[in-house]
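The block underneath contains the structure these notes are about, expressed in structure tokens.
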Amino acid sequence: DVKVTQSSRYLVKRTGEKVFLECVQDMDHENMFWYRQDPGLGLRLIYFSYDVKMKEKGDIPEGYSVSREKKERFSLILESASTNQTSMYLCASSLGQTQYFGPGTRLLVL
Amino acid sequence: GIQVEQSPPDLILQEGANSTLRCNFSDSVNNLQWFHQNPWGQLINLFYIPSGTKQNGRLSATTVATERYSLLYISSSQTTDSGVYFCAVEQADNQGGKLIFGQGTELSVKP
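From first to last, the protein sequence lines stand for chains A and B. According to this note's numbering, the first sequence is numbered sequentially starting from 636. According to this note's numbering, the second sequence is numbered sequentially starting from 8.
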């Protein structure tokens with residue numbers, strides 16, 4: 636069975652904190668993605684990666700960075716969290732056309 | 008960039024009813040997927056359907072690529088069908104599986 640896991644389901648952080656969101660897949664997929672989901676805006680792509688140590692900006696990369704040191708792990712980093720980064724964060728992976736999603740992390744920045 | 012529009016934005020059904028959800032896209036695509044997001048936030052892939060028709064149980068989907076739309080049919084709806092349905096496309100000249108999502112159709116099935 637396909638499995639994508641995210642480190643936390645719910646997270647509360649303060650403005651200015653550095654935040655790490657971790658995503659792990661066990662399917663040996665090459666492609667991994669980070670999205671955020673906001674009411675009325677659907678899912679928007681933040682960053683994606685085709686391979687280890689490779690990263691590409693998505694549609695809304697500002698305020699975020701990523702790290703992919705191992706094939707199975709893709710981390711999203713908020714260098715200095717702000718209240719407008721309160722959102723649902725979804726990680727996905729794919730080998731071909733189909734993307735498989737993790738359960739999501741609901742982040743609240745106070 | 009490519010635009011993806013879904014309709015209707017909201018839908019309320021009585022259990023047992025049928026429904027059709029629509030996805031229009033503004034450019035040629037080489038990938039189209041339908042997803043269901045359950046009330047707990049988990050997104051599940053329903054169909055990979057850049058063209059043609061597929062069926063899986065009570066769900067079926069049709070994509071007419073030349074006319075740039077896709078339809079998702081839900082028959083004999085159940086309360087577990089509730090949630091948000093997303094259409095997502097990959098533009099034909101894109102590489103690497105980057106998907107653009109529509110804003111979704113929120114379905115509520117009442118018992």
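The beta-carbon is built from N, C-alpha and C at its ideal position, and this holds for glycine as well.
Between the options, which lies nearest to residue i when the distance is taken from Cα to Cα?
i, options, result
"Ala716 of chain A", "A:Lys690, A:Glu652, A:Gly677, A:Leu676", "A:Glu652"
"Gly731 of chain A", "B:Glu12, B:Gly23, B:Asn38", "B:Asn38"
"Gln672 of chain A", "A:Thr733, A:Asp694, A:Ser702, A:Glu707", "A:Asp694"
"Gly698 of chain A", "A:Arg708, A:Glu714, A:Lys705", "A:Glu714"
"Cys30 of chain B", "B:Leu114, B:Leu106, B:Pro15", "B:Pro15"
"Tyr55 of chain B", "A:Val701, A:Gly739, A:Thr640, A:Tyr735", "A:Tyr735"
"Leu78 of chain B", "B:Phe93, B:Asp34, B:Gln98", "B:Phe93"
"Gln49 of chain B", "A:Gly739, A:Ser700, A:Tyr682", "A:Gly739"
Residue i to residue j, Cα distance in whole Å?
i, j, result
"Met723 of chain A", "Gly111 of chain B", "15 Å"
"Leu678 of chain A", "Thr60 of chain B", "25 Å"
"Ile712 of chain A", "Asn719 of chain A", "15 Å"
"Ile9 of chain B", "Phe32 of chain B", "7 Å"
"Ala95 of chain B", "Arg649 of chain A", "33 Å"
"Leu28 of chain B", "Phe42 of chain B", "12 Å"
"Arg75 of chain B", "Gln40 of chain B", "13 Å"
"Glu12 of chain B", "Thr721 of chain A", "25 Å"
Can you list, in chain order, the residues of its chain with a C-beta nearer than 8 Å to that of residue i? Leave out the 5 residues immediately preceding and following it.
i, result
"Leu615 of chain A", "Only positions 636 to 745 of chain A appear in this structure, which leaves residue 615 of chain A out of reach."
Determine the extent of the beta strand (DSSP E) in which residue i is found, giving its start and end residues.
i, result
"Ser642 of chain A", "Counting along the chain, Ser642 of chain A falls outside any beta strand (DSSP E), and DSSP gives it neither H nor E."
"Thr69 of chain B", "66 to 71"
"Trp47 of chain B", "Careful: Trp47 of chain B lies outside any beta strand (DSSP E) and carries neither H nor E."
Beta strand (DSSP E) runs contained entirely in the segment 701 to 730 of chain A, provided each spans 3 or more residues: Counting whole runs of 3 or more residues, the segment 701 to 730 of chain A contains the beta strand (DSSP E) stretches 708 to 713, 722 to 729.
Uninterrupted beta strand (DSSP E) stretches inside the segment 649 to 683 of chain A (no shorter than 3 residues): 654 to 660, 666 to 673
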